[in-house]
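Colleague: My questions all concern the structure below.
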Amino acid sequence: MTIRGMLAEERAELIALLRDLRAEEWEAPSLCTGWTVRDVVGHLLYDTIAPLTYGGIVVRCGFSIDRVNDRLVRKTRTLSTDRLIDEFENAAGKLSQFGPALVLADLFVHQQDIRRPLGRTRAIPVERMRYLVEHPDPFVRPGRRTKGLRLVATDLDWADGSGPEVRGPAEALTLAMVGRPVVLDELEGEGVAELRRRSA
């Protein structure tokens, strides 16, 4: 399957989840520090912004991605949950048409940011999961956490790196690479302690 195909499936799965959420689940904390589920969805509306407009926001925020994210999230907090879903479903694709791989990596992580605290598990197709564990979101610099470690997936045929081993499900490994320490207890191996130290 193409990257765009995997992105379309990832987005469709998230939309289906969002349509099924109860009101209290929208206000529940996500894995993103300080963000509710609603805030995470608001953040994902960055893909509804034209590239030139988004570039202007980045410049006005002093090239700080954290400030860009904060600005976009605050702007969407006045929208109803139905409006958030509608915008995400019908207006997304403006940035991802130029960088589908980056948006796929980001969308996967944020979908798990929503699902895990809510206990909304899912089965991720092996092909997509393999791609995601091989291509974690580069903007969060995964290499600074994994350098000198060997990561080994226990649920599919994948391993990368050299050094003390960190073993676990590919989904948990991917989240660990991008700084979600909640998954560290699901991993094992002599490299976990170092990964935990780097994630603190």
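When we follow our numbering, the leftmost residue of the sequence shown carries the number 1047, and every step to the right adds one.
Ideal placement from N, C-alpha and C gives every residue a C-beta, glycine not left out.
Quantities reported herein were computed from a predicted structural model and do not represent experimental measurements.
So what does DSSP say about Val1074, is it helix, strand or coil?
Modeller: A small fix is needed here, since residue 1074 is Ala in this sequence, not Val. Coil.
Colleague: Can you pull the DSSP bridge partners for Asp1116?
Modeller: Asp1116 pairs with nothing; no bridge assigned.
Colleague: Flag this pair as yes or no: are the beta carbons of Val1186 and Glu1217 separated by less than 9 Å?
Modeller: In this structure, Glu1217 does not lie closer than 9 Å to Val1186 by Cβ.
Colleague: Measuring CA to CA, which of Ser1076, Pro1182, Met1175 is closest to Leu1148?
Modeller: With distances taken between Cα atoms, Leu1148 lies closest to Pro1182.
Colleague: Let's test the definition: count the other Cβ atoms within 10 Å of the Cβ of Ile1170 and tell me whether it reaches 16, buried, or not, exposed.
Modeller: That one is buried.
Colleague: So what's Val1224 in DSSP terms, helix, strand or just coil?
Modeller: The answer is coil: DSSP assigns Val1224 none of H, G, I, E or B.
Colleague: At the level of alpha carbons, what is the spacing between Ala1069 and Arg1174?
Modeller: Near 30 Å, if we compare the C-alpha coordinates of Arg1174 and Ala1069.
Colleague: Let's see if you can read the secondary structure: which residues bound the beta strand (DSSP E) around Gly1214?
Modeller: Looking at the DSSP string, the run of the beta strand (DSSP E) that includes Gly1214 is 1211 to 1214.
Colleague: With a 10 Å radius around its C-beta and 16 neighbouring C-beta atoms as the bar for buried, classify Met1052 as buried or exposed.
Modeller: That one is buried.
Colleague: I'd like to confirm the pairing. Which residues does DSSP put opposite Asp1128 in its beta bridges?
Modeller: DSSP, once it has assigned bridges, lists no residue as partnering Asp1128.
Colleague: Would you mind working out which of Leu1233, Glu1056, Lys1121 sits nearest Pro1146, comparing C-alpha positions?
Modeller: Of Leu1233, Glu1056, Lys1121, the residue nearest in Cα terms is Glu1056.
Colleague: Between Thr1048, Ala1138, Thr1220, Ala1054, which lies nearest to His1089 when the distance is taken from Cα to Cα?
Modeller: Selected option, being the one with the closest Cα: Ala1138.
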